[in-house]
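Read the structure below first, then the notes.
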Ligand code: BGC
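Residue numbers (this note's numbering): 4 to 739.
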């Protein structure tokens with residue numbers, strides 16, 4: 004396709020037409036240039052092809068939602084799932100899949116947390132990149148969303164995010180940055196809210212400065228559905244394609260005529276849209292097979308790798324096959340396999356947990372609760388069924404209404420009738436096994452003492468039923484590890500005082516202390532930490548080695564160690580590498596994830612793991628330098644089985660050429676100068692000369708004052724004014 008030739012022949016109306024979707028799910032084509040229409044569809048948890056006839060519901064393979072798929076920490080699996088999604092897109096005539104999402108998880112209350120991977124930006128970025136590559140290698144496009152700072156549902160169209168630059172770069176942008184640079188998604192979906200006063204579909208800073216100039220992104224930036232409020236501003240500030248709203252072409256024509264937006268700008272957007280169409284045309288030519296049975300097996304495998312075993316007292320799990328168990332709860336027969344809203348998928352084939360459990364044991368069912376009311380009779384029925392059974396497997400969880408698009412949760416408690424159910428059943432049978440289905444963390448503290456085992460199944464797709472039965476009866480060894488901390492209660496979460504904001508203001512006061520970064524730094528106990536998950540076997544870590552003990556900018560550090568399966572069965576271990584800046588000039592989280600691996604091990608087998616850390620692994624975003632930079636000093640390298648189960652530690656020294664210190668000027672405090680060696684540590688020298696030490700009773704007060712007041716400060720402690728002025732003058736010359 005000769006794009007420039009086409010652009011030179013397109014009329015203004017035709018150009019404008021190409022920059023706007025034709026209808027909810029189709030991009031405009033143009034016959035006279037052989038430009039085909041293209042189909043977009045949600046979403047990340049399976050292909051949700053909407054039908055023009057609302058009575059027709061298209062089905063697709065429902066994969067685990069990102070929130071639990073991520074718990075596999077399995078890059079290959081994410082890639083494979085991406086490829087599977089692409090095959091179904093081909094089969095259904097879809098060109099672009101609207102996902103995945105990598106928004107930040109500031110609070111477990113956020114209604115769409117289930118659509119996002121992790122509270123850790125690095126992990127989210129890496130996993131998203133794999134999924135995107137899996138899809139796009141098969142000739143189908145993706146749309147990385149929701150770019151950016153769309154971290155809650157409350158007032159998502161009108162709220163404005165106030166985020167300081169360090170937090171913005173390290174916590175919000177980082178996953179987009181990783182996925183964009185590594186996987187080059189064909190499109191990026193700009194989000195609904197505003198950021199620093201400008202809508203994200205019209206935000207020059209995010210769409211141009213960062214996306215194009217800094218990240219070098221060359222694909223199409225499209226709006227979230229109906230996200231544009233000012234069409235002219237959107238196109239002027241970097242947005243290529245309008246979706247979900249059908250504003251008049253005249254608005255743009257007038258703006259072009261009035262010189263508010265240039266034709267060169269319009270042509271740039273058209274060029275990118277044509278480039279996208281070109282990829283789509285090529286993609287359609289790719290050969291594919293689409294075997295829904297195989298996809299179902301993949302969904303089962305994905306669920307099995309992702310489900311997290313949170314508790315297993317006295318090794319109650321796995322249960323012996325063919326024993327007698329009670330299976331309680333509506334979700335045992337009608338599983339919560341996915342989330343609501345635009346990512347909801349009608350599954351092709353849904354594995355029912357009760358059916359699969361029944362194949363492995365002698366099981367009796369009771370409903371136990373219904374979703375709306377307290378129901379004493381249902382609880383009584385559950386107790387009756389649970390009596391004299393080897394164990395009771397109770398399926399609980401949140402509802403689709405509480406976790407969905409457009410609304411955040413009000414609390415993280417489980418429905419009270421489910422809590423009551425667990426407590427009452429525990430009176431007749433103490434061998435309680437809980438299976439929790441939720442898209443984000445829930446409060447488990449109240450039921451935990453009544454449970455011998457707890458499995459977090461999340462919303463693990465259409466294969467969940469088989470996977471959970473296989474784990475409970477030991478056909479599969481659990482290996483998932485949490486990618487989101489489970490707090491003790493909502494009051495303990497980092498954003499509790501300020502989520503979801505007030506009026507339209509969303510202030511990121513927690514800064515970088517989201518998730519485990521908060522719990523670890525502020526020493527807040529959690530129910531289950533980030534990175535945690537039990538297995539039926541045990542792993543031993545040893546032989547930590549580092550390629551160097553001193554590194555500098557541009558170097559890579561290779562961290563290696565051994566992991567051994569010391570149990571009797573094969574299993575997989577997720578190993579995690581965290582870094583701690585031992586002493587830092589600015590606030591930094593206590594530790595941060597910078598590498599991970601998932602390793603399958605036979606009983607007795609040892610594998611050597613290598614994790615490579617680069618300069619960025621040690622860096623933080625220094626706003627005054629406007630880039631990531633490393634502060635010289637010692638860093639602790641921690642290898643763990645979870646964020647709170649560190650097995651191996653080492654220290655390296657980073658000799659950095661970055662000067663991360665803030666520039667000093669006349670308004671900098673005397674205390675900062677006192678501890679700074681720039682300008683030959685002049686303030687300290689003056690103080691030494693005058694015999695003023697840190698133990699001087701006035702020191703704390705003096706050190707908080709500005710350097711420009713030095714003479715006055717000294718006069719205050721009875722240094723003759725003339726002498727004080729002399730010192731002030733001397734320093735003035737040194738600094739200027
Ligand atoms: C959602 C997007 C989705 C789009 C199309 C929007 O409301 O925020 O995630 O892709 O609708 O359904």
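The beta-carbon is built from N, C-alpha and C at its ideal position, and this holds for glycine as well. Being a predicted model, the structure only gives us computed values, none of them experimental.
Here residue 656 has 553 and 637 as same chain residues with Cβ atoms under 6 Å from its own Cβ, once five neighbours each way along the sequence are excluded.
Pairing residue 203 with residue 150 gives a Cβ-Cβ distance under 8 Å. Bounds of the beta strand (DSSP E) holding residue 192 are 190-193.
DSSP, reduced to helix, strand and coil, places residue 617 outside both helices and strands of the structure shown, so it counts as coil. Around the beta carbon of residue 257, fewer than 16 other beta carbons sit within 10 angstroms, so the residue counts as exposed. By the neighbour-count definition (other C-beta atoms within 10 Å, threshold 16), residue 704 is an exposed residue. Taking a C-beta distance under 8 Å as the contact criterion, residue 730 and residue 713 qualify as a contact pair. By the neighbour-count criterion, in which 16 or more other beta carbons inside 10 Å mark a residue as buried, residue 629 falls on the exposed side.
The ligand BGC never approaches residue 736 closely enough for any of its heavy atoms to be under 7 Å from the residue's Cβ. With respect to the 8 Å criterion, residue 470 and residue 457 are not classified as neighbours on the basis of their beta carbons. Listed in chain order, the non-local C-beta contacts of residue 36 below 7 Å within the same chain comprise 9, local neighbours out to five positions each way being set aside. The three-state reading of DSSP puts residue 169 in helix, counting H, G and I together.
The straight-line gap separating the alpha-carbon atoms of residue 427 and residue 570 is approximately 36 Å. A straight line joining the alpha-carbon of residue 91 with that of residue 346 spans about 15 Å.
Excluding the 5 residues flanking it on each side, residue 259 has same chain C-beta neighbours closer than 7 Å at 15, 266 and 269, in chain order.
Ranked by Cα distance from residue 688, the first of 734, 669, 721 and 719 is 734. Counting C-beta atoms within 10 angstroms of its own C-beta, residue 575 has 16 or more neighbours from the protein chains shown and is therefore classed as buried. Residue 492 sits in coil when the DSSP states are folded into three classes, being neither helix nor strand. According to the DSSP assignment, residue 126 belongs to the alpha helix (DSSP H) that extends over 124-139. The three-state secondary structure of residue 270, taken from DSSP, is helix. If you look at residue 530, you'll find it in the beta strand (DSSP E) that goes 529-531.
With contacts defined by Cβ atoms closer than 8 Å, residue 273 and residue 536 do not form a contacting pair. Linking residue 510 to residue 497 through their CA atoms gives a straight-line distance of about 13 Å. Shown here for residue 360: same chain residues with a beta carbon closer than 6 Å to its own, the five before and five after excluded, namely 330, 366 and 472 in chain order. DSSP lists 595 and 640 as the bridge partner or partners of residue 582. Here residue 721 carries a coil assignment [DSSP, helix/strand/coil]. For the 8 Å CB-CB criterion, residue 502 and residue 112 form a contact.
Going by DSSP, residue 438 is part of the beta strand (DSSP E) stretching over 435-440.
Counting of Cβ neighbours within 10 angstroms places residue 652 among the exposed residues, the total staying below 16. For residue 28 and residue 543, the gap between their C-alpha atoms comes out near 51 Å.
Taking 3 residues as the minimum length, the beta strand (DSSP E) runs contained wholly in the stretch 62-101 are 99-101, in order along the chain. Distance from the C-beta of residue 345 to the nearest heavy atom of the ligand BGC is below 7 Å.
The criterion of a C-beta distance shorter than 8 Å is not satisfied by residue 117 and residue 417. The Cβ atoms of residue 350 and residue 340 sit closer than 8 Å to each other.
By the C-beta density criterion, residue 404 is exposed, having fewer than 16 other C-beta atoms within 10 angstroms.
Taking a cut-off of 8 Å on C-beta distances, the stretch 148-164 touches the stretch 96-114, as three or more cross pairs fall below it.
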